[in-house]
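Data block below; observations after.
Protein chains: 2
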Amino acid sequence: MPASVTIKEIARQLGVSKSTVSRALRDSSEISQETKDRVLELARQLNYSPNPIALSLLNNRTHTLGIIVPEIANPFFSTAIGGVEDIAYSRGYHVMIYQSHESYERELIDVQHIATRRADGLIVSVSSQSEKHDHFVELQEKGIPIVFFDRVSDAVQTHKVIVDDYKGAYDATEHLIKEGSRRIAHIAGPPNLSISRNRLQGYRDALQKHGLPFRDEWVVASEYSQSEGTERAYQLMALRERPDAIFAASDRIAMGVHWALRQLGYRMPEDIALMGFSDLSISALLDPPLSSVAQPSFEMGQQAAELLLELIESKSTPASFETRVLKTNLVIRRSSMKNIS
Amino acid sequence: MPASVTIKEIARQLGVSKSTVSRALRDSSEISQETKDRVLELARQLNYSPNPIALSLLNNRTHTLGIIVPEIANPFFSTAIGGVEDIAYSRGYHVMIYQSHESYERELIDVQHIATRRADGLIVSVSSQSEKHDHFVELQEKGIPIVFFDRVSDAVQTHKVIVDDYKGAYDATEHLIKEGSRRIAHIAGPPNLSISRNRLQGYRDALQKHGLPFRDEWVVASEYSQSEGTERAYQLMALRERPDAIFAASDRIAMGVHWALRQLGYRMPEDIALMGFSDLSISALLDPPLSSVAQPSFEMGQQAAELLLELIESKSTPASFETRVLKTNLVIRRSSMKNIS
DNA sequence: ACCGTTCCCGGAACCGTTCCCGAAAAAAAG
DNA sequence: CTTTTTTTCGGGAACGGTTCCGGGAACGGT
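In order, the protein sequences belong to chains P and H. Positions 1 to 341 (the UniProt record's numbering) are the ones given, in order, by the first sequence. Positions 1 to 341 (the UniProt record's numbering) are the ones given, in order, by the second sequence.
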């Protein structure tokens, strides 16, 4: 294994000092053209590339972005990560991934790792089980900027990238009403997360606006998982007064509901309408195809990365922090089209 | 921003040398218990943690694993990445992700990055457009070990993690035959990839075993994407002699076919049976649910990470390289059940 | 009282790079 | 032919650790 070529080696072969080589490589004005040429030529021959670790030690910059998501395998997060990687790549940064598995303890350790590893910044979508967000503030105080996306924390002052969850949920609920549903249930996400609360509020307000009653037993909370979606669907359909529509707080939940409803013999949308949130690429292929509130996940990753790089590369902290609210898009498919059927 | 606390700082406050502090922290025998206690106590108070960058510079070890996949958003790859991250985390390593976007050039650059960044090892599933794999060999020669998974390269001698693609395809085809299909088409993957060739061969051999003809026009190649799956389905169904079953080389392709067939008004499986490969979690939710050859993607990621860490942590190159062949599992759902229907 | 160990610890080199500072040589100015 | 300025380069410190080497003090044995 050939030890990688260093500046010292070039200096030795050329009989000059390492400072000279360093300057020549950086095209400094205080090196003669002739020496520059000789250094550059030899560097090319030896296939020299500077050791980024040495640079990091010097500048305290690693050109690395950390990203923490609950679960990489979740399509929403994996496409967002793709967006982050794209931007990072184009700007000469590298991406380290961590998953919290929805656990507060794991998230804490991940943040620790980011700190000790001296990442230049962090992009994060918080775990549903995290009630405190002090670890993020501490990271910030260590000088490592953070950008939140999707699942943001109100306790931390920084840039955030979200979609208009409230409006998305409002529109979805209103659509269900217009299609003729009157007993609309909602499977909400974990109440720790602001996205869950905002979607719930959108649902409530749409009901109220159209004079429909809000009933506690028609709102149940669930993890953002398919399996719990199934459980909650069983629970809802077992009620004495059955809902005639279910608005799920995410597509994964909706997929669980979808499966449960078919299992139980209901027809969608005739017996019961269904609507999800996120518009995963799978949703269109279900039978019946799932209506959903589309979220630009890839773009969210890109924007989060851009904001983070801005934070990293401007030395001073900005006067104010920005919350980018991207637009959702109501995608209507058969699972909610009561009118036509 | 409080500069992070260093060994030198501890030494200064305690009036000892940095060597003493370093030794005390590593619990060296040549430091008195009293001094150790003082150092440890102060280190705890100041919340000291060693700078991994300095360590990296010293040992030439970064405790970082690189991973290159064609596309993070592909569920197969993202769950595999999840497996890698799990193992890496438990062993104190970190994961840097890169995507090749199926491009040879991008893959080349990604490998370059891994090299200059001094990752301790690389896990990779090769791009479908890569015909040469020299860049991997060069990386190996620089002393950075590689483990391939799923899409492996025959040109590189190292550990590999795959599934038995041949047998999976053979079983799938045989199943289609047993269900009564006689005109079985195959949408294969890009021929550059060994997984594509192996699956094709399994298909061929199953046909031959059961005395069915192999017909060129019933075999078409496609990228592993949903959109091209749709295109190829159109092509196949336009044939004068239509197939009565399609075996797609991946679930993503199958999803495209699924959509096309429903679009065209065919009934599955009565008019035409369909079978995929990978068993993505979505497949069960399609209508009709998609039969598929299940691949343990998460486990593949885990095993790849384990093999890589073995390679990294044993200084000497092993006498021989291992190719772990995991088992596939035929998952039969309605899309292929001609007999019952 | 002398010598060999053992116990603790400090100094310095090293990893690969940048950069400040000073200095020799060359060029310009007197 | 000095003096000053410019050009060009080398030496060393620094980043944050580890480790080799050497040395003073205490201790034991004769």
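Every residue, glycine too, gets a C-beta built ideally from N, C-alpha and C.
7 Å Cβ cutoff, residue i in contact with chain H
i	result
residue 337/P	no
residue 56/P	yes
residue 79/P	yes
residue 255/P	yes
residue 103/P	no
residue 181/P	no
residue 222/P	no
residue 90/P	no
Residues bridged to residue i [DSSP beta-bridge criterion]
i	result
residue 59/P	Paired residue(s): none; residue 59/P is not in a bridge.
residue 246/H	185/H and 274/H
residue 286/H	286/P
residue 82/P	DSSP lists no partner for residue 82/P.
residue 292/P	276/P and 331/P
residue 221/P	188/P
residue 96/H	96/P and 66/H
residue 160/H	148/H and 323/H
residue 121/P	65/P
Where residue i falls, given that 16 or more other Cβ within 10 Å makes a residue buried
i	result
residue 47/H	exposed
residue 297/H	buried
residue 49/H	exposed
residue 338/H	buried
residue 168/P	buried
residue 141/H	exposed
residue 118/H	buried
residue 115/H	buried
residue 306/H	buried
Cβ pair residue i, residue j closer than 7 Å
i	j	result
residue 189/P	residue 249/P	yes
residue 328/H	residue 161/H	no
residue 122/H	residue 66/H	yes
residue 156/P	residue 133/P	yes
residue 159/P	residue 322/P	yes
residue 232/P	residue 187/P	yes
residue 68/P	residue 137/P	no
residue 145/P	residue 100/P	no
residue 166/P	residue 201/P	yes
residue 295/H	residue 87/H	no
residue 92/H	residue 72/P	no
residue 300/P	residue 43/P	no
residue 304/H	residue 77/H	no
residue 126/P	residue 103/P	no
residue 171/P	residue 330/P	yes
residue 174/H	residue 206/H	yes
Chain P within 7 Å of residue i, Cβ atoms only
i	result
residue 95/H	yes
residue 72/H	yes
residue 287/H	yes
residue 116/H	yes
residue 127/H	no
residue 82/H	yes
residue 99/H	yes
residue 318/H	no
residue 85/H	yes
residue 52/H	yes
residue 130/H	no
residue 282/H	yes
residue 314/H	no
residue 49/H	yes
Supposed close pair residue i, residue j - CB separation, criterion 8 Å
i	j	result
residue 278/P	residue 291/P	12 Å between Cβ atoms; not a contact.
residue 199/P	residue 214/P	Not quite, the Cβ-Cβ distance comes to about 14 Å (not below 8 Å), so this is no contact.
residue 57/P	residue 11/H	Between residue 11/H and residue 57/P the Cβ distance is about 19 Å, and since that is not below 8 Å, they are no contact.
residue 31/P	residue 97/H	About 39 Å; that fails the 8 Å criterion.
residue 224/P	residue 252/P	6 Å
residue 335/P	residue 273/P	7 Å
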